[in-house]
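In this note's numbering, the protein residues as written are 30 to 286. Don't be surprised by glycine CBs; every beta carbon is placed ideally from N, CA and C. Quick caveat, the model's predicted, so the values are computed rather than measured.
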């Protein structure tokens with residue numbers, strides 16, 4: 030094994046070698062891990078990264094992390110595995126605690142607050158929601174009296190192609206394509222193009238930078254129009270919402286003077 034790093038050189042939760050060992054420990058108990066992340070949950074008490082040996086066995090991890098008994102830390106872990114499909118959350122957490130039992134008992138890990146154990150589909154939903162989480166507060170701050178907001182991430186790779194082919198159709202390969210439905214009394218008396226301009230202006234900086242590539246199929250309604258539309262939909266067959274894991278809906282009445 031390589032010589033230990035100097036004290037204070039690298040803090041072990043952010044050390045890639047400790048992260049690799051941690052993942053090996055988890056994979057020994059939890060099959061099919063597709064994503065794993067580790068970070069310090071409570072800064073201030075951290076030990077040093079004591080090994081640079083990438084081939085260290087998982088069984089060595091307890092020794093690696095516990096050399097400094099005063100360096101116990103609280104770790105924020107996210108573990109994504111197909112093995113978690115249909116499994117109760119308490120059982121998922123128990124598997125993680127069993128896998129890291131040696132480190133928890135030695136004091137190398139003090140606790141695992143905010144432990145996230147997700148099935149792949151849950152991870153996709155969480156990641157998709159995080160990508161567009163900023164859109165709602167931006168629209169609500171720019172357009173008064175929003176009563177319903179539907180944000181659908183329909184990003185499908187157009188921005189990547191438009192960026193790489195040299196056509197300058199896209200300014201950012203990671204640009205979002207957002208299908209928006211906005212209901213607000215602010216739209217009363219405005220033409221559709223004027224309503225859509227209000228929405229586009231609210232996201233103007235991102236549209237200019239390419240962070241938002243396009244706003245296809247935007248829909249803007251007054252509350253009365255939305256109510257009529259909802260009644261028509263309820264009278265007919267209900268459209269299936271399956272197969273749309275990226276949808277993010279919000280809706281509540283807003284007090285407007």
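Assign residue 159 to buried or exposed, taking buried as 16 or more other Cβ atoms, counted over all protein chains shown, within 10 Å of its Cβ.
Mapped onto the chain shown, residue 159 falls at position 130. Looking at its Cβ environment, which holds fewer than 16 other Cβ atoms inside 10 Å, residue 159 is exposed.
With distance defined between alpha-carbon atoms, name the residue in 184, 180, 251 nearest to residue 210.
Residue numbering aside, residue 210 sits at position 181 when the chain shown is read from its first letter. Of the listed residues, the one whose Cα sits closest to residue 210 is 180.
Out of 111, 223, 166, 237, which has the shortest C-alpha to C-alpha gap to residue 177?
One-based indexing of the chain shown puts residue 177 at position 148. For residue 177, the closest of 111, 223, 166, 237 by C-alpha to C-alpha distance is 166.
Between which two residues does the alpha helix (DSSP H) harbouring residue 263 extend?
Along the chain shown, read from residue 1 onward, the residue named residue 263 stands at position 234. Here the alpha helix (DSSP H) through residue 263 covers 252 to 264.
Do you know whose CA, among 121, 162, 242, 125, lies nearest residue 185's CA?
Counting from 1 along the chain shown, the entry for residue 185 is found at position 156. Answer by Cα proximity: 242.
From which residue to which residue does the beta strand (DSSP E) around residue 206 run?
Within the chain shown, numbered from 1, the residue matching residue 206 stands at position 177. Counting along the chain, the unbroken beta strand (DSSP E) around residue 206 starts and ends at 205 to 213.
Based on DSSP bridge pairs, tell me the residues matched to residue 108.
What you label residue 108 is simply residue 79 of the chain shown in a count that begins at 1. Per DSSP, the beta-bridge partners of residue 108 are 65, 146.
Which residue or residues does DSSP assign as beta-bridge partners of residue 118?
On the chain shown, residue 118 is found 89 positions in, with the first residue counted as 1. Under DSSP, residue 118 forms no beta bridge with any residue.
Quick check on residue 232: does DSSP put it in helix, strand or coil?
Within the chain shown, numbered from 1, the residue matching residue 232 stands at position 203. Of the three classes helix, strand and coil, the one that applies to residue 232 here is coil, per DSSP.
To which residues does DSSP link residue 249 through a beta bridge?
Counting from one through the chain shown, the residue named residue 249 turns up at place 220. In the DSSP output, where bridge partners are listed per residue, residue 249 has 211.
Can you give me the Cβ contacts of residue 148 inside the same chain, cut-off strictly under 6 Å, excluding the 5 residues immediately before and after it?
Locating residue 148 in the chain shown gives position 119, counting from the first residue. Excluding five sequence positions before and after residue 148, the CB atoms of its chain that fall closer than 6 Å to its own CB belong to 113, 114, given in chain order.
Any chance the segment 218 to 236 sits against the segment 131 to 144, with 3 or more Cβ pairs inside 8 Å?
No contact exists between the segment 218 to 236 and the segment 131 to 144.
Delimiting residues of the beta strand (DSSP E) encompassing residue 161:
Along the chain shown, one-based indexing puts residue 161 at 132. For residue 161, there is no enclosing beta strand (DSSP E), as DSSP gives it neither H nor E.
Enumerate in chain order the residues of its own chain whose CB-to-CB distance from residue 63 is below 8 Å, with the five nearest sequence positions on each side excluded.
Taking the first residue of the chain shown as 1, we reach residue 63 at position 34. Cβ within range, chain order: 109, 110, 111, 149, 152.
With burial defined as no fewer than 16 other Cβ atoms inside 10 Å of the residue's Cβ, what is the status of residue 261: buried or exposed?
Against the chain shown, residue 261 aligns to sequence position 232. Around the beta-carbon of residue 261, fewer than 16 other beta-carbon atoms lie within 10 Å, marking it exposed.
Ignore the nearest five residues each way along the sequence and tell me which others in residue 121's own chain have a CB closer than 6 Å to its CB.
Sequence index remark: in the chain shown, residue 121 carries index 92 (1-based). Excluding sequence positions up to five before and after residue 121, its CB lies within less than 6 Å of the CB of 113, 146, all in the same chain and listed in chain order.
Apart from the five residues just before and just after residue 105, which ones in its own chain have a Cβ nearer than 6 Å to its Cβ?
On the chain shown, position 76 is the one that residue 105 refers to. Spatial neighbours of residue 105 in its own chain (CB-CB distance under 6 Å, excluding positions within 5 residues in sequence) are listed in chain order as 68, 70, 143.
As a quick exercise: from 164, 173, 171, 182, pick the residue whose alpha carbon is nearest that of residue 157.
Counted from its first residue, the chain shown places residue 157 at position 128. Nearest of 164, 173, 171, 182 to residue 157, Cα basis: 182.
Secondary structure of residue 172, DSSP reduced to three states:
Along the chain shown, one-based indexing puts residue 172 at 143. Three-state result, residue 172: coil.
Among 247, 125, 217, 264, which residue has its Cα nearest to the Cα of residue 228?
Indexing the chain shown from 1 puts residue 228 at position 199. The residue from 247, 125, 217, 264 with its alpha-carbon nearest to that of residue 228 is 247.
With DSSP as the reference, identify every bridge partner of residue 48, one or two as the case may be.
Against the chain shown, residue 48 aligns to sequence position 19. In the DSSP output, where bridge partners are listed per residue, residue 48 has none listed.
Going by DSSP, what residues sit across from residue 296 in a beta bridge?
The structure shown does not extend to residue 296, since the chain is modelled only from 30 through 286, so no value can be given for it.
Between residue 50 and residue 128, is the Cβ-Cβ spacing less than 7 Å?
Position 21 of the chain shown, counted from the first residue, corresponds to residue 50. Position 99 of the chain shown, counted from the first residue, corresponds to residue 128. No, these two residues do not count as a Cβ contact at 7 Å.
Using a threshold of 6 Å, is the CB atom of residue 159 nearer than that to any non-hydrogen atom of the ligand ADP?
Looking at this structure, you won't find the ligand ADP or any other ligand, since it has none at all.
Reference residue 225; option with closest CA among 119, 168, 48:
As a first step, residue 225 is located in the chain shown; it is residue number 196 there, counting from the start. Of 119, 168, 48, the residue nearest in Cα terms is 168.
Who does residue 241 pair with in a DSSP beta bridge?
By one-based count along the chain shown, residue 241 stands at place 212. Per DSSP, 205.
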